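**Student:**
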């Protein structure tokens with residue numbers, strides 16, 4: 001019987017190592033897998049490479065890992081917001097490496113990573129500093145920049161419901177990067193509000209099919 | 001000399017958004033445009049984080065932390081609204097499905113170059129978000145901006161000195177002094193605020209201006 005449900009963070013994080021690359025879903029706090037990130041913190045892992053839209057904000061998750069200097073590098077589109085002083089301080093002190101990727105390119109690179117695509121040409125960033133050193137190709141008179149796929153050791157996702165096959169539903173704008181990151185990592189770990197029985201999610205309503213999901217854990221918001 | 005307030009600029013932009021348009025509003029002043037859309041027009045607002053059919057701010061106490069806009073502020077969905085994941089949301093943007101995007105700017109050049117994501121100050125981390133995708137993807141890129149910086153430097157220039165967000169993308173600029181189209185490597189003034197002379201507008205602009213033959217006074221309600 002296929003059963004991707006796990007019941008504690010040690011099982012959820014099986015295989016985690018120092019230096020791991022983790023895709024962390026969420027747009028700001030919406031959809032951010034704070035409890036999974038904090039379980040990584042509690043277990044002492046360090047030198048992590050994080051791929052996420054933002055490099056932490058508020059008091060939870062990535063910000064806590066940043067404060068404890070567990071993160072070596074963040075690949076993101078928009079590192080800071082009004083409440084991410086730690087990120088700004090670490091960056092100013094030269095203690096945080098940032099790779100800035102346009103948001104749509106970040107998402108599409110992960111999709112490519114998950115979909116078996118070796119690269120793609122996008123018009124985004126043409127003639128900007130973010131295209132420096134990249135191949136530019138003119139297709140039908142328009143310039144495009146070559147971008148390569150992004151993959152990771154782990155994807156951390158927050159979803160609403162999961163069944164034992166790992167089929168997922170999300171909650172409104174907390175969907176965000178979840179479905180794309182789920183495709184792109186070697187191990188996709190999902191914290192959900194609740195487990196449901198197999199068959200309870202209408203097939204038309206499954207947003208991420210379980211084929212992309214390795215482990216699901218019910219986590220009460222803390 | 002009468003300058004427009006941010007609200008008045010937002011009002012003026014809203015009048016140019018046609019019935020049925022799919023519109024993305026950037027963070028900050030552009031977000032205000034939604035407040036001034038004429039009641040008789042049905043316009044669908046897109047937010048880069050996957051909302052199509054975004055509605056107004058919810059009443060206090062009814063905020064949902066999982067329903068936010070690009071600026072991470074609580075919003076609502078209108079009837080008919082839908083949710084997409086990020087990759088699909090940016091396919092809408094890059095794929096040319098958004099009719100109008102309204103963005104802020106540090107600088108705009110007469111060839112339509114937009115600089116709105118990074119300055120020359122390297123001490124603070126830059127953040128691009130979805131700006132580069134919106135700049136190249138939307139069919140029309142409208143810019144809301146003050147005509148000059150706080151210390152009086154022009155923001156409309158022959159060439160941007162800040163890192164670009166996109167090149168040749170801006171179609172229209174709504175400043176606190178004028179409404180200016182960007183076409184054929186020229187700033188074409190369509191509307192100018194009351195009591196401001198053509199000469200005075202030229203003085204605060206860092207590029208040549210062409211005044212349209214039918215240039216009129218830029219009028220807005222008191223807001």
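Residue numbers (our numbering), protein chains in the order written: chain X, 1 to 222; chain P, 1 to 223. Just so you know, even glycine gets a beta-carbon here, dropped at the ideal spot from N, CA and C. Computed from a predicted model, the values in this text were never measured in an experiment.
Quick one, are the C-beta atoms of residue 201 (chain X) and residue 167 (chain X) less than 7 Å apart?
**Tutor:** yes
**Student:** Under the three-state reduction of DSSP, which class applies to residue 7 (chain P): helix, strand or coil?
**Tutor:** helix
**Student:** Tell whether a beta-carbon distance below 7 Å holds between residue 217 (chain X) and residue 6 (chain X).
**Tutor:** yes
**Student:** Which residues, taken in chain order from the segment 15–28 of chain P, show a beta carbon closer than 7 Å to some beta carbon of chain X?
**Tutor:** From the segment 15–28 of chain P, no residue has a Cβ closer than 7 Å to chain X.
**Student:** Considering only their Cβ atoms, is the gap separating residue 211 (chain P) from residue 198 (chain P) smaller than 7 Å?
**Tutor:** Closer than 7 Å, so yes.
**Student:** In the DSSP assignment, the beta strand (DSSP E) including residue 256 (chain X) goes from what residue to what residue?
**Tutor:** With chain X covering only 1 through 222, there is no way to say anything about residue 256 (chain X).
**Student:** Among the residues of its own chain, which have a CB less than 6 Å from the CB of residue 23 (chain X), if the five just before and after it don't count?
**Tutor:** 51, 152, 155, 181, 185
**Student:** Nearest chain X C-beta to residue 116 (chain P) closer than 7 Å, yes or no?
**Tutor:** no
**Student:** Which term fits residue 110 (chain X), buried or exposed, when burial requires 16 or more other beta carbons within 10 angstroms of its beta carbon?
**Tutor:** buried
**Student:** Where do the N-terminal and C-terminal ends of the beta strand (DSSP E) with residue 170 (chain P) fall, by residue?
**Tutor:** 170–175
**Student:** Along the chain, where does the beta strand (DSSP E) containing residue 34 (chain X) start, and where does it finish?
**Tutor:** No beta strand (DSSP E) contains residue 34 (chain X), which is instead part of the alpha helix (DSSP H) from 34–42.
**Student:** To the nearest angstrom, how far is it from the Cα of residue 184 (chain P) to the Cα of residue 161 (chain P)?
**Tutor:** One C-alpha to the other measures close to 20 Å.
**Student:** Could you tell me which residues DSSP pairs with residue 16 (chain X) in its beta bridges?
**Tutor:** Note: residue 16 (chain X) sits in no beta bridge, so no partner.
**Student:** Give me, in chain order, the residues of the same chain whose beta-carbon lies closer than 7 Å to that of residue 179 (chain X); leave out the 5 immediate sequence neighbours on both sides.
**Tutor:** The beta carbon of residue 179 (chain X) is closer than 7 Å to those of 207, 208 in its chain, skipping five residues each way along the sequence.
**Student:** Just the Cα atoms here: how many angstroms apart are residue 109 (chain P) and residue 207 (chain P)?
**Tutor:** 8 Å
**Student:** Indicate whether residue 135 (chain P) and residue 87 (chain P) have their beta-carbon atoms separated by less than 7 Å.
**Tutor:** no
**Student:** DSSP puts residue 82 (chain P) in a beta bridge; with which residues?
**Tutor:** According to DSSP, residue 82 (chain P) bridges with P:52.
**Student:** Using 8 Å as the Cβ pair cut-off and three pairs as the minimum, do the segment 20–39 of chain X and the segment 60–76 of chain X touch?
**Tutor:** yes
**Student:** Between X:187, X:191, X:99, X:150, which has its C-alpha nearest residue 170 (chain X)'s C-alpha?
**Tutor:** Of the listed residues, the one whose Cα sits closest to residue 170 (chain X) is X:191.
**Student:** For residue 72 (chain X), which residues of its own chain have a beta-carbon under 7 Å away from its beta-carbon, when the five flanking residues on both sides are left out?
**Tutor:** Excluding residues within five positions, the ones whose Cβ falls inside 7 Å are 47, 48, 49, 97.
**Student:** Taking its Cβ as the centre, do 16 or more other Cβ atoms sit within 10 Å of residue 79 (chain X), making it buried, or is it exposed?
**Tutor:** buried
**Student:** For residue 190 (chain P), does the three-state DSSP call read helix, strand or coil?
**Tutor:** strand
**Student:** Let's test the definition: count the other Cβ atoms within 10 Å of the Cβ of residue 72 (chain P) and tell me whether it reaches 16, buried, or not, exposed.
**Tutor:** So residue 72 (chain P) counts as buried.
**Student:** Check whether the segment 112–132 of chain P touches the segment 50–64 of chain P, counting contact only when three or more Cβ pairs, one atom from each stretch, lie closer than 8 Å.
**Tutor:** no
**Student:** Quick one: which residues of the segment 133–144 of chain P get their C-beta closer than 7 Å to a C-beta of chain X? List them in chain order.
**Tutor:** 133, 136
**Student:** Classify residue 205 (chain X) as buried or exposed, calling it buried when 16 or more other Cβ atoms lie within 10 Å of its own Cβ.
**Tutor:** Counting the other CB atoms within 10 Å of its CB gives residue 205 (chain X) a total below 16, which places it among the exposed residues.
**Student:** What is the rounded straight-line gap between the Cα of residue 30 (chain P) and the Cα of residue 102 (chain P)?
**Tutor:** Near 6 Å, if we compare the C-alpha coordinates of residue 102 (chain P) and residue 30 (chain P).
**Student:** Roughly how many whole angstroms lie between the Cα atoms of residue 191 (chain P) and residue 99 (chain P)?
**Tutor:** 22 Å
**Student:** In angstroms with no decimal places, state the Cα-to-Cα distance between residue 90 (chain X) and residue 23 (chain P).
**Tutor:** Cα to Cα, residue 90 (chain X) sits roughly 36 Å from residue 23 (chain P).
**Student:** Can you tell me whether residue 77 (chain P) is helix, strand or coil according to DSSP?
**Tutor:** strand
**Student:** Tell me, which residues are paired with residue 217 (chain X) by DSSP?
**Tutor:** In DSSP, residue 217 (chain X) forms a bridge with X:6, X:191.
**Student:** Residue range of the beta strand (DSSP E) that residue 47 (chain P) falls in?
**Tutor:** Start and end: 44–47.
**Student:** Any residues in the segment 153–169 of chain P with a beta carbon nearer than 9 Å to a beta carbon of chain X? Which ones, in chain order?
**Tutor:** 163, 164, 165, 166, 167, 168
**Student:** How many angstroms separate the CA atom of residue 65 (chain P) from the CA atom of residue 213 (chain P)?
**Tutor:** In a straight line, the C-alpha of residue 65 (chain P) is about 50 Å away from that of residue 213 (chain P).
**Student:** What does the alpha-carbon distance come out to for the pair residue 214 (chain X) and residue 88 (chain X)?
**Tutor:** C-alpha of residue 214 (chain X) to C-alpha of residue 88 (chain X): approximately 34 Å in a straight line.
**Student:** Entirely within the segment 104–128 of chain P and at least 3 residues each: give me those beta strand (DSSP E) ranges in chain order.
**Tutor:** 107–109
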